[in-house]
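One structure is given here, and the rest of the page talks about it.
In the numbering used here, the protein residues as written are 1 to 134.
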């Protein structure tokens, strides 16, 4: 049993480190496009926002999805339920920070980082989904 627990802990560490690397790569991409990063892994009672940024006057909530496998489309992991949770977390963030009247949107950055490659493939989906749907 302890062997299974150790393997699961190892798998989690590998997954978590890949996720962190993906988020850092996504942040670098956003900064190159002129975004200002104002929050990372912002948590509230509704969930977690991977990256909160500002693009001009717009508050941008960025969901980052990182995968190793090139055959998977990481964007497909942003399901309707995930979009609903992100919308609730974003609304709480806006309310808490007195930003409810400001323009806001949801972007998705996908990161595919095959094992052994130095650089990932990144895709930025601007206005990936509409909060009004939720």
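Think of the CB as a built atom: it goes at the ideal place given N, C-alpha and C, for glycine as much as any other residue.
Closest Cα partner of residue i within the set the options
{"i": "residue 109", "options": "132, 131, 121", "result": "121"}
{"i": "residue 30", "options": "83, 53, 98", "result": "53"}
{"i": "residue 61", "options": "83, 21, 22", "result": "83"}
{"i": "residue 113", "options": "107, 101, 123", "result": "123"}
{"i": "residue 20", "options": "35, 131, 64", "result": "64"}
{"i": "residue 70", "options": "34, 107, 117, 32", "result": "117"}
{"i": "residue 133", "options": "80, 100, 4", "result": "80"}
{"i": "residue 107", "options": "131, 115, 96", "result": "131"}
Host beta strand (DSSP E) of residue i (start-end)
{"i": "residue 50", "result": "47-55"}
{"i": "residue 107", "result": "104-112"}
{"i": "residue 100", "result": "Element bounds for residue 100: n/a, residue is neither H nor E."}
{"i": "residue 35", "result": "Premise fails: residue 35 is in no beta strand (DSSP E) and is neither H nor E."}
C-beta atoms of residue i and residue j nearer than 8 Å
{"i": "residue 26", "j": "residue 111", "result": "yes"}
{"i": "residue 59", "j": "residue 86", "result": "no"}
{"i": "residue 45", "j": "residue 92", "result": "yes"}
{"i": "residue 49", "j": "residue 42", "result": "yes"}
{"i": "residue 104", "j": "residue 47", "result": "no"}
{"i": "residue 102", "j": "residue 28", "result": "no"}
{"i": "residue 66", "j": "residue 18", "result": "yes"}
{"i": "residue 35", "j": "residue 75", "result": "no"}
{"i": "residue 23", "j": "residue 51", "result": "yes"}
{"i": "residue 68", "j": "residue 115", "result": "yes"}
Residue i, enclosing alpha helix (DSSP H) - first and last residue
{"i": "residue 81", "result": "80-96"}
Residues bridged to residue i (per DSSP)
{"i": "residue 64", "result": "109"}
{"i": "residue 121", "result": "112"}
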